[in-house]
Amino acid sequence: MRRVFGAVALAAFTGCATTQEAQKPETPPAVETAKVEAPAEPPSKLQVPVDYYKLDNGLKVVLSRDSSAPKAVVAVYYNIGFRIEPKDRTGFAHLFEHMMFQGSTNLGKMEFIRLIQKNGGVLNGSTRFDFTNYFEVVPSNTLETILWAEADRMRGLDVTEENLKNQQGVVTNEVKVNVLNQPYGGFPWLDMPQVANSNWYNAHNFYGDLKDLEAASLADVRAFFKTYYAPSNAALVVVGDFEPEQVKGWIQQYFGPLPTVAQPSKPDISEPRQTKEKRHDKVDKLAQRPALAVGYHMPDVGTPEYYAMALVDEVLLNGNDSALYQQLVQKKGLTGEVSGGVNQLGNHWNYNGPMQWTAYLFHDADTTTETILTEFDGVVARLQEQPIDAATLERARVKARSRLYGQLEGFLGFGRADLLASFALFFDDPARINRLEAELMKVTPELIQKTAKEYLRRENRTVLTVTPAAATATQTKAP
């Protein structure tokens, strides 16, 4: 699965924490010695600690204590992603993610990165459909320092013409390397939304048109920062080994004085019900083999069918025991692998808007798209025609729960912070994290069948193919 990573490559660093004085907000706070506690006993079911509150300026704060290791995750999520970036400024949300590492009120260019690295931490930033996020995983004795640093760049970004031009060049080069000059560049994570959706906000080239990226002005960047990078449009999550009351004091000290900013009305990002199959072929001059992706519009987030699709995903697509793998790979030998799922830039849970469930594969030139689709449709039809048996449902539930737990544990606890921040940002309800497992257990064979009939119908899908340019040239020359 492809990701759109930001200015900082995700990499681990080791080292000793540096000691710094904390006399005023403009100076990084002191680093204290971490307290190590015995690992907690694992709960019998998903029970993530959630302490949720808001500052007077609108900042949503989630604390989730875990004393199993002397580390902490700090994540700041802003409610601005690919979908709602300005028209004629495609890729602007992603460009701005890069700008956030160019310096702030008290930390010069790249000093934020060096601060994390010198204290033995790792960090990253990314842009997704519905948010832009920044996170750090650090030794817990450096937590106050990191909170100060995140508040410092929320307080004021160093927006200069030099920094803007530099990052325009970086992002432009990223587009060229990851998409334009890459075999299957953008397939299917970037291509599918553009052909499957009708609403511009969901269907534009969110990685960025080169002309739009070059046209972004200093005034655009400053206005964007003032509007969207405000505490009233953000969620702050701290996960790990800390004393809650102490952390609340630090958050109030460093984030509390930041001003609230009235947010503009969010645009309508809804999609009409699709009533006719869509097809699109992309000629790729660098591809060696044809590729095929099939995408279906998802049920609305939070509906019973939305949870049912998590199990449909397990039954049809995930693992070597999945129905599509068994039919297309094991029985028919039409491909070597079938990949995909919900939300190619994240997971089933961390988005809030129209989305596709997508399956994709690569195949030999002598295998036609229609041959694969015939077998694909046969697998889907079995799910639509009768309820799945008890054993299949139980296996799907086990796989879905395992996947959820794996996401929560992902990358040193960042997975937990990711869902807490998403649920606070989207629904004002981070405790939703503790209800996911129960919702999965409510799904019945009848609901799965009903969901498959409505959302896996041919009229609701988009078929995206990639044709190597060499094959196109050969077809053109044929008599």
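Using the numbering used here, read the sequence shown as starting at 122 and increasing by one per residue.
We put the beta carbon where it would ideally sit given N, CA and C, even for glycine.
This structure is a prediction, so every number in the text was calculated from the model and none was measured.
For glycine 246, the uninterrupted beta strand (DSSP E) run begins and ends at 243-248, by DSSP.
Here glycine 212 carries a coil assignment [DSSP, helix/strand/coil]. Exposed is the label assigned to tyrosine 174, since fewer than 16 other Cβ atoms lie within 10 Å of its Cβ. In this structure asparagine 302 is exposed. Its beta-carbon is surrounded by fewer than 16 other beta-carbon atoms within 10 angstroms. Counting only unbroken stretches of 3 or more residues, the beta strand (DSSP E) elements lying wholly within the segment 372-442 are 399-405, 412-418, in sequence order.
Spanning the alpha carbons of phenylalanine 345 and glutamate 218 requires a straight line of approximately 11 Å.
For the pair threonine 381 and lysine 397, the Cα-to-Cα distance works out to about 45 Å. With 16 or more other CB atoms across the displayed protein chains lying within 10 angstroms of its CB, methionine 419 is buried. Distance between leucine 529 and lysine 574, taken at the CA atoms: about 31 Å.
One Cα belongs to alanine 196, the other to leucine 357, and the distance between them is close to 6 Å. With fewer than three CB-CB distances shorter than 8 Å, the segment 232-250 does not count as touching the segment 355-372. Inter-residue distance for valine 296 and tryptophan 478 is about 25 Å (C-alpha atoms, whole angstroms).
In the displayed model, valine 368 falls within a helix according to three-state DSSP.
According to the DSSP secondary-structure assignment, tryptophan 478 is paired through a beta bridge with Tyr417, Val463. Per the Cβ contact rule, the segment 558-574 is in contact with the segment 428-438 (3 or more Cβ pairs under 8 Å). The secondary-structure analysis by DSSP pairs leucine 278 across a beta bridge with Ser225. If you compare the alpha carbons of Gln505, Ile554, Gly534 with that of arginine 578, the shortest gap goes to Gln505. Under DSSP, valine 587 shares a beta bridge with Lys403, Ala412. Glutamine 395 and valine 500 have their C-alpha atoms spaced approximately 21 Å apart. Residue pairing by DSSP leaves aspartate 487 without any beta bridge partner.
Beta-bridge partners assigned by DSSP to lysine 181: Lys175, Ala356. Looking at Val182, Asp177, Asn178, the one whose alpha-carbon comes closest to that of leucine 541 is Val182.
Valine 169 and asparagine 555 do touch by the CB rule: their CB atoms are close to 6 Å apart, below 8 Å. When secondary structure is reduced to three states using DSSP, alanine 351 falls in the coil class, being assigned neither helix nor strand. C-alpha of aspartate 341 to C-alpha of lysine 332: approximately 15 Å in a straight line. Minimum Cα-Cα distance from isoleucine 205 among the listed residues Ala559, Tyr328, Arg524 corresponds to Tyr328. Look at tyrosine 255 here: in three-state DSSP terms it is strand.
Apart from sequence neighbours up to five positions away, the residues of its chain that approach asparagine 464 with a beta-carbon distance below 6 Å are Tyr472, Met476, ordered along the chain. Taking a contact as a CB-CB distance under 8 Å, the pair methionine 275 and tyrosine 350 counts as one, their CB atoms being some 6 Å apart.
Here DSSP, grouped into helix, strand and coil, assigns alanine 190 to coil. Pairing alanine 512 with leucine 561 gives a Cβ-Cβ distance that is not under 9 Å. About 7 Å separates the CB atoms of serine 543 and phenylalanine 252; that is less than 8 Å, so the two are in contact. In this model, isoleucine 509 and threonine 565 are separated by some 9 Å (Cα to Cα). The shortest C-alpha to C-alpha distance from leucine 285 to any of Asn323, Gly474, Ser338 is the one to Ser338. With a 10 Å radius around the Cβ and a threshold of 16 neighbouring Cβ atoms, phenylalanine 548 comes out exposed.
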